[in-house]
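First residue of the sequence shown: 5, per the numbering used here; consecutive thereafter.
From the three backbone atoms N, C-alpha and C, an ideal C-beta is built for every residue, glycine too.
Owing to the predicted nature of the structure, the values given are computational and were not obtained by experimental measurement.
Heads up, the thing below is written out as structure tokens.
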Amino acid sequence: MIQRNLGMTNVNVAIIGQGTWTYGENKGLELEEVKALRFGIENGMTLIDTAEEYAQGGAERIVAEAIKDCRKEIFLTTKVSAKNCSYLGVIEAVERSLERLKTTYIDLYLQHWPSKEHQVEETMRAMMYLVEKGLIKYIGVSNFTTELMTVAQGVLGEHILTCNQVGYHLNDRRVENDVIPYCQERGIAVMAYSPFGYAPKFFGGAGFPEPGTKERQVLDEIGGKYGASPYQVALNWILRHEGIIAIPKAKDIEHIKSNLKALELTLSEEDLKIIDSYFPKTNEGMSLVTY
Ligand SMILES: NC(=O)c1ccc[n+]([C@@H]2O[C@H](COP(=O)([O-])OP(=O)(O)OC[C@H]3O[C@@H](n4cnc5c(N)ncnc54)[C@H](OP(=O)(O)O)[C@@H]3O)[C@@H](O)[C@H]2O)c1
5 MIQRNLGMTN
15 VNVAIIGQGT
25 WTYGENKGLE
35 LEEVKALRFG
45 IENGMTLIDT
55 AEEYAQGGAE
65 RIVAEAIKDC
75 RKEIFLTTKV
85 SAKNCSYLGV
95 IEAVERSLER
105 LKTTYIDLYL
115 QHWPSKEHQV
125 EETMRAMMYL
135 VEKGLIKYIG
145 VSNFTTELMT
155 VAQGVLGEHI
165 LTCNQVGYHL
175 NDRRVENDVI
185 PYCQERGIAV
195 MAYSPFGYAP
205 KFFGGAGFPE
215 PGTKERQVLD
225 EIGGKYGASP
235 YQVALNWILR
245 HEGIIAIPKA
255 KDIEHIKSNL
265 KALELTLSEE
275 DLKIIDSYFP
285 KTNEGMSLVT
295 Y
């Protein structure tokens, strides 16, 4: 698996990691979920993304099982929920996550969403405390606009803001207008979530183009030139930017195998233009959503 430097740190991480949203929601799927994560890890997808919010801690428990004998090889990311973003709330949340993850440290700790109740300044002060205590290695945010990243950076001072995890896929290119250039200029890693589109019930849908649509046909055709699937084209297209990492979620081993090979093609300028015409970039930037 190709590695990429994580922002301004000296750490190299797998350019394609593993998401865990919906993990731990169904007892009957737990073995399959651990197996999927293990397969990814064994094939170099050693960056794992989870959150205290996923299955109310259930996803972190699945991750713990999958990494129990290889913790040192893993770059572990988890997130504090927006509602827990008071100074004490963050500290208590990390303690619960560490317990569920059965580890003594988190590599990258993210504020999951901007909070309605708690100021970024307060949350970031707690994050700095956690670094000083050795409970987390790096501080990051998720779903942060450029304005909020500026506030966070201002508080952090010498503690760098390492990463912003944001939604990015063919049908939502808003971060190209603001978040990506902002992060590239400042050496902040961009971690792309939902690389295959948003689930129908969330963020207004816009999932992966369905078979039979002209958008799917064009991805099929481009993929056909390289012996690649439309999903591989979509993932490859995201990772064309400097400094971007993607965290697809795949429980199906065949999907993981496919994602592992997504970087084996190089999209031509002509293909990129065709993609632009079917999945156009709008002028808007990422909107602020708070929880
Ligand atoms: N920070 C945030 O606010 C936030 C929000 C959303 C997500 N995330 C993170 O980002 C991760 C990824 O996002 P996501 O789960 O929303 O969506 P996603 O990774 O874009 O898509 C997941 C869906 O795509 C399928 N899939 C994966 N690889 C495939 C392939 N090669 N071919 C065909 N289908 C494939 C999966 O199926 P199978 O599972 O059946 O294999 C699953 O149904 C999450 O799991 C989570 O860790 C973060």
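With a cut-off of 8 Å on Cβ pairs, the region 47–63 is in contact with the region 10–25, counting three or more such pairs. Inside the region 131–177, DSSP marks whole beta strand (DSSP E) runs of 3 or more residues at positions 140–146 and 165–171, from first to last along the chain.
Bounds of the beta strand (DSSP E) holding Asn9 are Gln7 to Asn9.
Ligand 1 has a heavy atom closer than 7 Å to the beta-carbon of Asp53. Collapsing the DSSP output to three states places Lys265 in coil. Close CB contacts of Arg220 within its chain, under the 7 Å cut and outside five residues either way in sequence, are with Pro213, Glu214 and Pro234 (chain order). Looking at the DSSP output, Ile78 shares a beta bridge with no other residue. In this chain, the beta strand (DSSP E) harbouring Asn16 covers Asn16 to Ala18. Rounded to whole angstroms, Gly28 and Tyr58 show a C-alpha spacing of 8 Å.
When the alpha-carbon of Leu41 is set against those of Ile278, Lys137 and Lys261, the nearest one is in Lys261. Taking the Cα positions, Leu271 is about 14 Å away from Lys265. For the region 54–120, the full-length beta strand (DSSP E) segments reaching 3 residues or more read 79–84 and 110–115 along the chain.
Within the model, the alpha-carbon separation for Thr286 versus Tyr295 is close to 25 Å. Contact annotation: Tyr113 and Met131 have beta-carbon atoms nearer than 8 Å. Shown here, Leu243 sits in coil according to DSSP, grouped into three states, outside any helix or strand. Ala254 has its Cβ nearer than 7 Å to a heavy atom of ligand 1. At the C-beta level, Thr166 and Tyr142 come within 8 Å of one another. Here the region 275–286 makes no contact with the region 28–39; the two share fewer than three CB pairs at distances below 8 Å.
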